[in-house]
Amino acid sequence: GQQVMQIPQYQHVQEGEDFTTYCNSSTTLSNIQWYKQRPGGHPVFLIQLVKSGEVKKQKRLTFQFGEAKKNSSLHITATQTTDVGTYFCAASGSARQLTFGSGTQLTVLP
Amino acid sequence: DAGVIQSPRHEVTEMGQEVTLRCKPISGHNSLFWYRQTMMRGLELLIYFNNNVPIDDSGMPEDRFSAKMPNASFSTLKIQPSEPRDSAVYFCASSPGQGNTEAFFGQGTRLTVV
Chain A
4 GQQVMQIPQY QHVQEGEDFT TYCNSSTTLS NIQWYKQRPG GHPVFLIQLV
54 KSGEVKKQKR LTFQFGEAKK NSSLHITATQ TTDVGTYFCA ASGSARQLTF
104 GSGTQLTVLP
Chain B
-6 DAGVIQSPRH EVTEMGQEVT LRCKPISGHN SLFWYRQTMM RGLELLIYFN
44 NNVPIDDSGM PEDRFSAKMP NASFSTLKIQ PSEPRDSAVY FCASSPGQGN
94 TEAFFGQGTR LTVV
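Protein chains in written order, with this note's numbering: chain A, 4 to 113; chain B, -6 to 107.
So, in structure tokens, the structure goes:
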């Protein structure tokens, strides 16, 4: 399947600080998806990016797809305790299988 | 729609026993994925079905693991014999298209092999 590397593995922030997680691939991606998994829960779809250089926003979350379609980022502005969880990027392989990055576990300190 | 339904939610079994995990995908979805999640290895794709046909099973760790999808509304993941290192959370997910569309996850089955 498509290999995507995700960094950082862990991130602790003070409530109100910003947070960014990055996803990188050595090959061009047809699209990239982002998911959030709350502690004890299951991954929940956030968004899909398809176009080169695409930027999408969901309230305090900003998603970017690189110009070369080899990297992507998720940025959260002014984190809140409700943002706690693990954020995954996921990419489609040649057979359309969906493989996930290693995830970034976000802790927000009140 | 009730979403993707997995059973059981929790399973504790002894080493050597057979374990069967079940999944009912969302009606109308063409793709079904089985994932295994552990602290060490993260979220691993085990097998991917499209229109009930296994497309990619390269993630299945060993011959002890097998998966079937006899029809569009049901899939099983079987481990025989189970080993302690199989302990993990197993997720089933379905998607209306293939891997390039949103995947909907079930609640997962937490498997403990003692």
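Note that the Cβ used here is the ideal one computed from N, Cα and C, for glycine as well.
Near-chain B residues of the segment 10 to 39 of chain A (beta-carbon distance less than 9 Å), N- to C-terminal order
For chain B, the residues of the segment 10 to 39 of chain A that bring a beta carbon within less than 9 Å of one of its beta carbons are S33, N34, Q36 and Y38, in chain order.
Would you kindly report the start and end of the unbroken beta strand (DSSP E) that includes Q9 (chain A)?
It spans M8 to I10 - the beta strand (DSSP E) in which Q9 (chain A) sits, taken as one unbroken run.
DSSP beta-bridge partners of N74 (chain A)
The partner list for N74 (chain A) (beta bridge, DSSP) reads A:N27.
Which value, in whole angstroms, describes the spacing of the CA atoms of S33 (chain A) and Q30 (chain B)?
Within the model, the alpha-carbon separation for S33 (chain A) versus Q30 (chain B) is close to 25 Å.
Kindly list the residues whose CB is nearer than 8 Å to the CB of T6 (chain B), restricted to its own chain and excluding five residues on each side of it in sequence; keep chain order.
Correct list, in chain order: V12, S75, L104, T105, V106 and V107.
How should E99 (chain A) be labelled, buried or exposed, when 16 other C-beta atoms within 10 angstroms of its C-beta is the threshold for buried?
At residue 99 (chain A) the sequence reads Arg, which differs from the Glu that was named. Its Cβ being crowded by 16 or more others within 10 Å, R99 (chain A) is buried.
What residues from the segment 79 to 95 of chain B come within 9 Å of chain A, judged by C-beta to C-beta, listed N to C?
Contacts with chain A (Cβ-Cβ distance below 9 Å) from the segment 79 to 95 of chain B involve V82, F84, A86, S88, G90, Q91, G92, N93, T94 and E95, listed in chain order.
Contact set between the segment 66 to 98 of chain A and chain B, restricted to residues whose Cβ is under 8 Å from the partner
Along the segment 66 to 98 of chain A, going in chain order, the ones with a CB nearer than 8 Å to a CB of chain B are F91, A93, S95, G96 and A98.
Look up R103 (chain B) in the DSSP assignment and give the residues it is bridged to.
Answer is B:H3 and B:V82.
On the criterion of 16 or more Cβ atoms from any shown chain inside 10 Å, does M53 (chain B) qualify as buried, or is it exposed?
Around the CB of M53 (chain B), 16 or more other CB atoms lie within 10 Å, so the residue is classed as buried.
Integer-rounded CB distance, given that L64 (chain A) should sit under 8 Å from L52 (chain A)
Contact between L52 (chain A) and L64 (chain A) does not hold, since their C-beta atoms are separated by about 12 Å, which reaches or exceeds 8 Å.
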